Amino acid sequence: MTTKPTNYGAMPVRRQRGFSLLELSIALVVIGLVLGAVAVGRDLQRSAANQRLSTDFIQGWQLAYEAFFNGVGYPPGDNPTNPTGRVNGNSATPGSELCGDAMINAFLAAGIRLPAGRTEGQQDRYVYLDSNGNPQEARVCFQSVDWAEPGVTVGTYVTRPRNVMVIRGTTFSLAASLDQQIDGNSDARFGRLRDISFANDVTANTPGKIWPIDDRMAFGSTTPTSLDESQVAITTALFKMMR
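The sequence shown runs 1 to 243 under this note's numbering.
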């Protein structure tokens, strides 16, 4: 009589079980929520950084300008004995920019407290991150420029000299944020904050303009790109002072 061998050491066979459609759906939803939270957090962080730049740096220089004017009675760089009312009016080239050490020294000589800026001696600069996480440097100067203002009839504009803060190194996100805070809407042609290319646009019966750059454009380009590792495009914004 033949007996059937018994394999006492064999492991029991287990059926492999995959993920169900429900489990896969839940996993995809969780991943989507995580990615969405990361994107929202990044946007909130950038918005907060732009707010700090506006409050600590741009408004800081605006207050410094007003304190200078209130203290001495004329804008920085103007002739103290025969004021012209224009920034750098005492310069050999009136209308030229007042920047860098000359600007900082003019404010310090008048006893004006300056924003911290980038570091001591570079209070006119501020480093921030653009929408791709790359460093950008905003820099301020002051200048008297030609500025378009409403004429005597609706839809017409005339040119008048106005003192402005020149803000270089401005990304679209920063420009839009500043424009919303200063003017209440984003318009590169009208209001107190304008793109340098539209500040003196006196074309009659034409609407406002969008900013000529956006965060899809790489630094030095005006063409949208799919790359997300480059520094983004920048422009120069002009912020009109009250006097």
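Yeah, the Cβ is synthetic: ideal placement off N, Cα and C, and Gly gets one too. Remember, it's a predicted structure, so these values are computed and weren't measured experimentally.
Any idea what DSSP makes of residue i, helix, strand or coil?
i	result
Val244	For the chain, the structure presents residues 1 to 243; residue 244 sits outside this window and is missing.
Ser144	strand
Leu28	helix
Asn132	coil
Gly60	helix
Val40	Reliability of the predicted coordinates at Val40 is poor, the pLDDT of 48 falling under 50, and the value obtained from them is presented with this limitation in mind. Here Val40 sits in helix by DSSP.
Asn163	strand
Arg21	Just to set this straight, residue 21 is Leu in the shown sequence, not Arg. Correct three-state label for Leu21: helix.
Val127	strand
Leu114	coil
Phe68	helix
Ala319	There is simply no residue 319 to check, as the chain begins at 1 and stops at 243 in what is shown.
Asp101	helix
Which residues in the same chain have their Cβ closer than 7 Å to the Cβ of residue i, if we skip the five residues on either side of it in sequence?
i	result
Arg118	Arg125, Tyr126 and Val127
Asn205	Gly155
Thr170	Ala138, Ile234, Thr235, Thr236 and Ala237
Phe69	Pro75 and Arg243
Cβ atoms of residue j and residue i: under 8 Å apart, would you say?
i	j	result
Pro94	Thr84	yes
Ser54	Leu178	yes
Thr222	Ala175	no
Asn134	Asp228	no
Val164	Lys240	yes
Val148	Asn185	Sequence inspection shows Ala at residue 148; the Val mentioned does not correspond to that position. No, these two residues do not count as a Cβ contact at 8 Å.
Val202	Thr159	yes
Val87	Ser144	yes
Gly71	Asp78	no
Taking C-alpha atoms, which residue in the options lies nearest to residue i?
i	options	result
Arg139	Thr153, Gln123, Pro150 and Val30	Gln123
Phe142	Leu22, Ala64, Val232 and Phe190	Ala64
Gln62	Ile26, Arg52 and Leu114	Leu114
Gln180	Gly77, Leu193 and Gly89	Leu193
Arg168	Gln51, Asp195, Asp146 and Ile210	Asp195
Below 6 Å CB to CB, which residues in the same chain sit around residue i once its five sequence neighbours on both sides are set aside?
i	result
Tyr74	Pro83
In the DSSP output, which residue or residues are listed as bridge partners for residue i?
i	result
Val232	Ala218
Pro224	Met217
Arg168	Arg139
Keeping to the same chain, check which residues put their C-beta closer than 8 Å to that of residue i; ignore five residues upstream and five downstream.
i	result
Thr225	Arg216, Met217 and Ala218
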